[in-house]
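Participant:
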Amino acid sequence: METIKGHLYDYPKYYDLIFGDDWKAEFDFLQNCFEKHATRKVKRVFEPACGTGRLLIKLAQAGYKVAGNDLNEHAINYCNDRLERAGFPRSAVIGDMSDFKLKKPVDAAFNTINSFRHLPTETAAENHLKCVADALAPGGLYILGLHLTPTEGEPMQSESWSARRGNLAINSHMQSIWTDLKKRNEHLEMTFDVYTPTRQFQLFDTMDYRTYTAPQFETLLATVPELELVELYDFMYEMDFTIEIDARTEDVVFILRKK
1 METIKGHLYD
11 YPKYYDLIFG
21 DDWKAEFDFL
31 QNCFEKHATR
41 KVKRVFEPAC
51 GTGRLLIKLA
61 QAGYKVAGND
71 LNEHAINYCN
81 DRLERAGFPR
91 SAVIGDMSDF
101 KLKKPVDAAF
111 NTINSFRHLP
121 TETAAENHLK
131 CVADALAPGG
141 LYILGLHLTP
151 TEGEPMQSES
161 WSARRGNLAI
171 NSHMQSIWTD
181 LKKRNEHLEM
191 TFDVYTPTRQ
201 FQLFDTMDYR
211 TYTAPQFETL
221 LATVPELELV
231 ELYDFMYEMD
241 FTIEIDARTE
251 DVVFILRKK
């Protein structure tokens, strides 16, 4: 199979198929969190590092005013084109999730699939949380999902997904190659095996994620006291199943509320 090395985010059609395939569970979870944990009516939502806007389009169709930012021009164009085709404003912009300011406050923000860990330093992560806090109206939510690094037991080393849309099928695999806990860096490889009626090829990419143990993330949250932690869930997105973090916990969705 032909292998193409590049950034997976530069192929938004394929990226959106893999990560947008199970949108319904996340969509329902977001709405349930808005209802249960926000102390204000949620009408305006913002997604930092929105990528292809796989959830923004669904939220727009449900009546929310949506916006987002991302560094990748291909992803932003894909997101805005889809919003425009559905009759909504082109409300996603090219921007840095650790350095942005919104013209109007929003009622909720969300970042659910580890994009936060692309931020390479503690300063960038802290700046991101401060930007989000400044963007939220009082009582608004930030729903942040990420993988913690467990301090006991073996961490999860790989994940695989498959998705199909019409004649396009993709098998995706992500593998942790090495982790440097002192430098707080996890190096990963990710592949998309793409199958169309006329072509089969593999997209290959590498990425680096900043690592967070539970105490490290707790320390980070303490730098932004405007955001209070109100609940914890895992990636099953079940509202009746809240969690407590221990040394083995990996998948966490933090529900943060603006004071």
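Each residue of the sequence shown is one higher than the last, beginning at 1 in full-length UniProt numbering. Don't be surprised by glycine CBs; every beta carbon is placed ideally from N, CA and C. Owing to the predicted nature of the structure, the values given are computational and were not obtained by experimental measurement.
1. Within the continuous alpha helix (DSSP H) that includes G140, where are the two ends?
2. Are the C-beta of E35 and some C-beta of chain D separated by less than 8 Å?
3. Sort K104, H187 and T123 by Cα distance to T219 and report the nearest one.
4. For F116, which option in Y212, I243, T196 and L8 has the closest C-alpha, if you only look at C-alpha atoms?
5. Hey, quick one: how far does the alpha helix (DSSP H) through A60 stretch, first residue to last?
6. Using DSSP with H/G/I as helix, E/B as strand and the rest coil, what is I243?
7. Which residues bound the alpha helix (DSSP H) around P48?
8. Can you name, in chain order, every residue of its own chain whose Cβ lies under 6 Å from the Cβ of E152, other than the five neighbours on each side?
9. In this structure, does DSSP put Q200 in helix, strand or coil?
10. I'd like to check one pair, N69 with G95: are the Cβ atoms closer than 8 Å?
11. Could you tell me whether the Cβ atoms of K37 and V230 are closer together than 8 Å?
12. Can you tell which of A163, L55 and E186 has its C-alpha closest to the C-alpha of D28?
13. Quick one, are the C-beta atoms of G227 and K258 less than 8 Å apart?
14. Out of I243, N171, V66 and F204, state which residue places its alpha-carbon closest to the alpha-carbon of T196.
15. Distance, Cα to Cα, I76 vs A60?
16. Could you check whether S160 and H147 sit closer than 8 Å to each other, using their CB atoms as the reference points?
17. Which residue from V45, L232 and N72 puts its Cα closest to that of K65?
18. Do C79 and F100 have their CB atoms nearer than 8 Å?
19. With burial defined as no fewer than 16 other Cβ atoms inside 10 Å of the residue's Cβ, what is the status of T242: buried or exposed?
20. Should A163 and I18 be called a contact, given that it needs their Cβ atoms to be closer than 8 Å?
Facilitator: With the given structure in hand:
1. No alpha helix (DSSP H) holds G140; the beta strand (DSSP E) holding it covers L136 to H147.
2. Chain labels in this structure do not include chain D; a single protein chain is all it has.
3. T123
4. The residue with the shortest Cα to Cα distance from F116 is Y212.
5. L56 to Q61
6. coil
7. Here P48 belongs to no alpha helix (DSSP H); instead the beta strand (DSSP E) covers R44 to P48.
8. A247 and R248
9. strand
10. yes
11. Note that residue 37 corresponds to His in the displayed sequence, not to Lys. For H37 and V230, yes; Cβs fall inside 8 Å.
12. If we check each option's Cα against that of D28, L55 comes out closest.
13. Note on identity: in this sequence residue 227 is Leu, with Gly being the wrong assignment. Yes, they are a contact pair.
14. N171
15. 16 Å
16. Going by C-beta atoms, H147 is not nearer than 8 Å to S160.
17. If we check each option's Cα against that of K65, V45 comes out closest.
18. No, the pair does not count as a contact, with Cβ atoms beyond the cut-off.
19. exposed
20. yes
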